[in-house]
Amino acid sequence: MTKTSYPVVWDLDVFFKGGSESEELRRHLDETKEHLASFTEKLNQFKTPTSVNEASEVVNLIEEGSDISQKIRQAGAFISCLEAQNMSDHKASTLRSEVTELSASYGSLFNSFKQQLAQTDKNVWKGLLEHEELSELSFVLNEWRDAAQEQLSEDEESLISSLSVDGYHAWGQMYNTIVGDMTVNVTVDGEEKELSVGQANNLLSHENPDVRKQVYEKLEAAWKEKESLFANTLNHLAGFRLNVYKKRGWDNVLKEPLDINRMQQATLDAMWGAITKHKQPFVDFLYRKAELLGKDKLEWYDLGAPTQENSQKLSYDDGAQFILKHFEQFSPKMADFSKTAFKDAWIEAEDRPGKRPGGFCTGFPLSEQSRIFMTYSGSMSNVATLAHELGHAYHSFALKPVHPLNRRYAMNVAETASTFAEMIVADAAVKESKTTEDKIALLEDKLQRSVAFFMNIHSRFLFETRFYEERKKGFVPASRLNELTDEAQREAYCDAVNSTSPSYWSNKLHFHITGVPFYNFPYTFGYLFSLSIYAKALEEGTSYEDQYIELLQDTARMSVEDLAMKHLGEDITKESFWEKGIELCKKDVAEYLELTSK
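Spelled out as structure tokens, the structure:
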């Protein structure tokens, strides 16, 4: 039988030919701007509905607005791919600024429409939601109405949106510009190399402790050198948000991220409460890892270090076949979808210089396709990452039958399908490992994720919460940001690490992202939430497939509390729900400790 060979470089020409010089993209952007201009004229004539007879006009405006939004997102996704595949593509950066401005203009305009709509008399509103084409959007429309009633006047919100282009998003772009120009010189295997900070970060998991220590120190020095610049970007981003919150009368800095993630404070508190109570096994794991590395305690640069070399290496094609084989056992539809993604070059996996570090999945709504970015070097960890991103893509695919407005799921549930897919592959890898050493290495890889979600992300949440409270009182200098980071890391890791990374506030992109504040706790939510789904899938096998698709299709049209109650029969405002997922992770710890005790 002929072995299947899959492309390792993605196909972007199917969207716009010519990359950042694409004439098709130029036409698309110009046409989108013209469409937005004509839509602006229509919205300027729109008045708050006074009768249910105006439902058709509301439907038409929503549909047209949704169409423009998808056009902007199509261009934005394409540009994200260009920026990732070649960090030296400066034209792509220019296009990014253009799309950011276009998106902000659209956001300001459509927000005005939502505010006009929100002023509808409650009886008329009730009648509008009974209209055939609006009833399916009732959750999102009520969400708009509630949000608009908590905001400032239409003119004030429009002004905030306009000023955010150069006063808010620009700070995030400035951060990316500074980081993009940073390099560090390190010596690996006797060879001195000039690396981007992303490339250098990858060496923190190098098997040689001297390399890890050297890279850690060089990176800390590099971030330290520019810390005053990063203190400015972080303070001004936070300052912009806090001023907007103050004007709206919001005192809780978590209000916006909780609203965005459609979750209650009680759910967040229950999640962190359960994690805090059950950290000891993961502390034990860190101490055992230190012991295996010949230390009393781990240094920060040891956290990602392997204690066992995993001899399992898979070519890209073999990695793809491994994923497809195990997806098939849980969801034949997900396996068929993933086969299409491999075959039709949806994935950028080539290991070459000049690429952005990390991985992501982005959707092209007009084409109803996704693109996955990563760098594949043959490790089982790479295979798990690839499965993770395919899970994101499958989530988008499962939502194709629903209205575009009901596809805009929040970040916390965005990590559900991806982590579910990753767990399938990570568990299979452990079970199929050929030697004890390989099994230890793979269990360690799984447990690294648990430590990341329960400790690293907890430290980010603690830091950001405390930073915002201090920022309310004024500018927080770099020296204090370093202290806050050190304190948060020691607390979150239960003092199981000897050293910390004080510069983490500056070197973690997530703190400087403008799209979503508190870009941290949703990851942990998605991880634990998906473990409950995975446990159910283990019990029911492929018979769970259709229920799983139904759950994914509901992720953008109800709160996460309602989603869990409807599809899992669970109250996620209680710590007991979160403890079930944590128990699965504790079993991995127990197996790891048993294997390494020998």
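Throughout the sequence shown, residue numbering follows my numbering, covering 820 to 1417 in sequence. Yeah, the Cβ is synthetic: ideal placement off N, Cα and C, and Gly gets one too.
Less than 7 Å between C-beta atoms, sequence neighbours within five positions excluded: which residues of the same chain meet that for residue i?
i       : result
Asn1054 : Arg1290, Phe1294 and Val1295
Asp1170 : Thr1194, Tyr1195 and Ser1196
Trp990  : Thr1052, His1055 and Leu1056
Pro1336 : Arg1060, Glu1075 and Pro1076
Ser1418 : This structure gives no information on residue 1418, because the portion of the chain shown stretches from 820 to 1417.
Ile979  : Val1063
Asp1115 : Ala1109
Glu883  : Phe858
In this structure, what does DSSP give as the bridge partners for residue i?
i       : result
Thr1006 : Glu1011
Arg1190 : Thr1181
Glu1167 : Phe1192
Leu1117 : Val1316
Please identify the residue among the options whose C-alpha is closest to the C-alpha of residue i.
i       : options                               : result
Asn995  : Ser875, Pro1151, Met1384 and Thr1333  : Thr1333
Glu1283 : Met1384, Ile1401, Asp1305 and Lys1265 : Asp1305
Gly986  : Asn1021, Asn1062, Pro1028 and Lys1032 : Asn1062
Arg1107 : Asp1121, Lys1096 and Trp829           : Asp1121
Val827  : Tyr1323, Ala1154, Phe1272 and Ser1134 : Ser1134
Thr869  : Lys945, Gly926 and Gly838             : Lys945
Lys1160 : Ala1206, Glu876 and Thr1086           : First, the amino acid is wrong: residue 1160 is Ala here, not Lys. Closest by alpha carbon: Ala1206.
Thr770  : Ala1356, Arg1279 and Phe1286          : Because residue 770 is not part of the residues shown, which for the chain are 820 to 1417, the question remains open.
Glu952  : Gln970, Asn1020, Gly1009 and Glu873   : Glu873
Gln1267 : Ala1203, Thr1086, Val1072 and Phe1146 : Ala1203
Ser885  : Thr913, Ser922, Asn863 and Gln864     : Ser922
Leu1048 : Val943, Ile997 and Glu1011            : Ile997
His1222 : Lys861, Tyr1064, Ala1375 and Asn930   : Ala1375
Ala867  : Glu840, Ser824, Phe858 and Val943     : Checking the sequence shown, residue 867 turns out to be Thr, not Ala. It is Val943 whose Cα lies nearest to the Cα of Thr867.
Leu855  : Gly1058, Phe929, Asn879 and Ser916    : Phe929
Asp1070 : Ser1395, Tyr1287, Tyr1338 and Leu1300 : Tyr1287
Val1016 : Lys1032, Glu1026, Gly999 and His1025  : Gly999
Ser1429 : Asn1129, Leu1111 and Phe1216          : The shown model of the chain, from 820 to 1417, leaves out residue 1429, and the question about it has no answer.
Ser1322 : Ser916, Glu1044, Val1003 and Ser875   : Glu1044
His1097 : Lys1114, Gln1140, Glu883 and Phe1273  : Phe1273
Leu1347 : Lys1327, Ala1233, Gly1182 and Ile1142 : Ala1233
Val1316 : Gly1123, Arg845, Glu843 and Glu1013   : Gly1123
Glu1187 : Leu1403, Lys1355 and Ala896           : Ala896
Evaluate residue i with the Cβ neighbour count: other Cβ atoms within 10 Å of its Cβ, from every protein chain shown; 16 or more gives buried, anything less gives exposed.
i       : result
Ser1329 : Per the sequence presented here, residue 1329 reads as His, with Ser not at that position. His1329 comes out exposed.
Val1244 : buried
Gln1099 : exposed
Gln934  : buried
Thr1006 : exposed
Arg816  : In the structure as shown, the chain begins at 820 and stops at 1417. Residue 816 is therefore absent and cannot be evaluated.
Lys1250 : exposed
Met820  : Residue confidence is low: Met820 scores 41 on pLDDT, short of 50, so the model does not pin down where it sits. No coordinate-derived value is stated.
Ala903  : buried
Gln1308 : buried
Gly1009 : exposed
Asn961  : exposed
Gln970  : buried
Ala1085 : exposed
Asp832  : exposed
Gly837  : exposed
Thr823  : exposed
Gly1345 : buried
Residues in its own chain within less than 6 Å of residue i by CB, not counting five upstream and five downstream?
i       : result
His1277 : Ala1311
Ala1383 : Glu1389 and Ile1391
Gln1131 : Met1199 and Asp1257
His950  : Ala874
Note down, in chain order, each residue of its chain lying with its Cβ closer than 8 Å to the Cβ of residue i, except the 5 sequence neighbours on either side.
i       : result
Gln968  : Ala937
Asp1373 : Leu1382, Lys1385 and His1386
Trp963  : Lys933, Leu936 and Ala937
Asp1103 : Val1408 and Leu1412
Arg1299 : Glu1289
Asp830  : Asp1163, Ala1164 and Trp1165
Ser916  : Gln992
Would you verify that the beta carbon of residue i is, or is not, closer than 7 Å to some beta carbon of chain B?
i       : result
Lys1292 : Considering every chain present, this structure includes no chain B. It has just one protein chain.
Q. Does the count of Cβ pairs from the region 1352-1363 and the region 1071-1082 closer than 8 Å reach three?
A. no
Q. Does the region 1241-1259 come close enough to the region 1364-1381 that 3 or more CB-CB pairs lie under 8 Å?
A. no
(Q) Under 8 Å: do the region 1031-1045 and the region 1211-1226 share three or more Cβ pairs, one atom per stretch? (A) no
Q: Say whether the region 908-922 touches the region 933-950, bearing in mind that this needs 3 or more beta-carbon pairs closer than 8 Å, one atom from each stretch.
A: no
Q: State whether the region 1406-1416 contacts the region 1262-1271, with contact taken as three or more CB pairs (one from each stretch) at a distance under 8 Å.
A: yes
Q. Between the region 1395-1402 and the region 1348-1356, are three or more C-beta pairs nearer than 8 Å?
A. yes
Q) Hey, is the region 832-852 in contact with the region 881-892, meaning 3+ C-beta pairs nearer than 8 Å? A) yes
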